[in-house]
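Visitor: Got a structure for you, written out below as C-alpha coordinates; questions coming shortly.
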Amino acid sequence: MSRQMIDYTKSILERVSFDPVLFRKELEKAVKLLLPYEIEELTKWFFNFTKGKPELRKCEIYLTV
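Read in our numbering, the sequence shown has 41 at position 40, and its numbers run on one by one without any break.
Written as C-alpha coordinates, this is what we have:
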(Lines of atoms letter the chains of each structure in order from A and count residues from 1; the text may use other names and numbers.)
(Lines give C-alpha, C1' and ligand atoms only; values in the text may rest on other atoms or scores of the structure.)
Protein backbone atom coordinates (compact mmCIF):
# COMPACT_ATOMS: atom_id res chain seq x y z
CA MET A 1 0.00 0.00 0.00
CA SER A 2 2.76 2.50 0.85
CA ARG A 3 4.35 2.05 -2.60
CA GLN A 4 1.04 3.17 -4.07
CA MET A 5 0.94 6.18 -1.77
CA ILE A 6 4.39 7.46 -2.74
CA ASP A 7 3.64 6.92 -6.43
CA TYR A 8 0.32 8.72 -6.06
CA THR A 9 2.02 11.60 -4.27
CA LYS A 10 4.61 11.98 -7.03
CA SER A 11 1.85 11.91 -9.62
CA ILE A 12 -0.06 14.70 -7.87
CA LEU A 13 3.07 16.82 -7.49
CA GLU A 14 3.88 16.42 -11.18
CA ARG A 15 0.35 17.50 -12.11
CA VAL A 16 0.40 20.64 -9.97
CA SER A 17 3.97 21.66 -10.80
CA PHE A 18 2.66 24.44 -13.06
CA ASP A 19 1.75 26.42 -9.91
CA PRO A 20 4.44 26.80 -7.20
CA VAL A 21 1.88 27.66 -4.50
CA LEU A 22 -0.20 24.58 -5.20
CA PHE A 23 2.96 22.47 -5.43
CA ARG A 24 4.01 23.72 -1.99
CA LYS A 25 0.63 22.89 -0.46
CA GLU A 26 0.64 19.38 -1.89
CA LEU A 27 4.22 18.85 -0.76
CA GLU A 28 3.30 19.93 2.78
CA LYS A 29 0.37 17.50 2.81
CA ALA A 30 2.58 14.69 1.57
CA VAL A 31 5.19 15.24 4.27
CA LYS A 32 2.47 15.02 6.93
CA LEU A 33 1.07 11.76 5.55
CA LEU A 34 4.13 9.80 4.45
CA LEU A 35 6.37 7.64 6.59
CA PRO A 36 9.99 8.72 7.22
CA TYR A 37 11.50 6.34 4.66
CA GLU A 38 8.92 7.50 2.09
CA ILE A 39 9.88 11.11 2.76
CA GLU A 40 13.50 10.18 2.03
CA GLU A 41 12.43 8.73 -1.32
CA LEU A 42 10.27 11.76 -2.02
CA THR A 43 13.22 14.05 -1.24
CA LYS A 44 15.41 12.26 -3.78
CA TRP A 45 12.63 12.46 -6.34
CA PHE A 46 12.07 16.15 -5.53
CA PHE A 47 15.67 17.16 -6.24
CA ASN A 48 15.70 15.21 -9.47
CA PHE A 49 12.30 16.60 -10.57
CA THR A 50 13.10 20.23 -9.74
CA LYS A 51 16.39 20.44 -11.63
CA GLY A 52 16.04 23.58 -13.73
CA LYS A 53 12.86 24.65 -11.93
CA PRO A 54 13.99 27.26 -9.40
CA GLU A 55 10.41 28.32 -8.68
CA LEU A 56 9.73 24.83 -7.30
CA ARG A 57 13.13 24.32 -5.70
CA LYS A 58 12.15 26.95 -3.12
CA CYS A 59 9.82 24.33 -1.61
CA GLU A 60 12.86 22.36 -0.43
CA ILE A 61 12.39 23.80 3.04
CA TYR A 62 9.18 21.80 3.53
CA LEU A 63 11.04 18.51 3.13
CA THR A 64 13.34 19.22 6.07
CA VAL A 65 10.59 19.83 8.61
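Glycine included, C-beta positions come from ideal geometry on N, C-alpha and C.
Please determine, among 31, 41, 18, 12, the residue with the shortest C-alpha to C-alpha distance to residue 54.
Guide: Working through the sequence shown from its first residue, we reach residue 54 at position 53. It is 18 whose Cα lies nearest to the Cα of residue 54.
Visitor: Given this structure, state the Cα-to-Cα distance separating residue 36 from residue 21, to the nearest angstrom.
Guide: By one-based count along the sequence shown, residue 36 stands at place 35. By one-based count along the sequence shown, residue 21 stands at place 20. Residue 36 and residue 21: Cα-Cα distance of roughly 24 angstroms.
Visitor: Does any residue of chain B have a CB that is nearer than 7 angstroms to the CB of residue 10?
Guide: Protein chains in the displayed structure number just one, and chain B is not present.
Visitor: Using a Cβ-Cβ cutoff of less than 6 angstroms, which residues in the same chain neighbour residue 23 once the five nearest sequence positions on both sides are dropped?
Guide: The residue you call residue 23 lines up with position 22 of the sequence shown. Same-chain partners within the cutoff: 17.
Visitor: Grouping DSSP H, G and I as helix and E and B as strand, with all else coil, what is residue 52?
Guide: Indexing the sequence shown from 1 puts residue 52 at position 51. In the structure shown, residue 52 sits in coil (DSSP, three-state: anything other than H, G, I, E or B).
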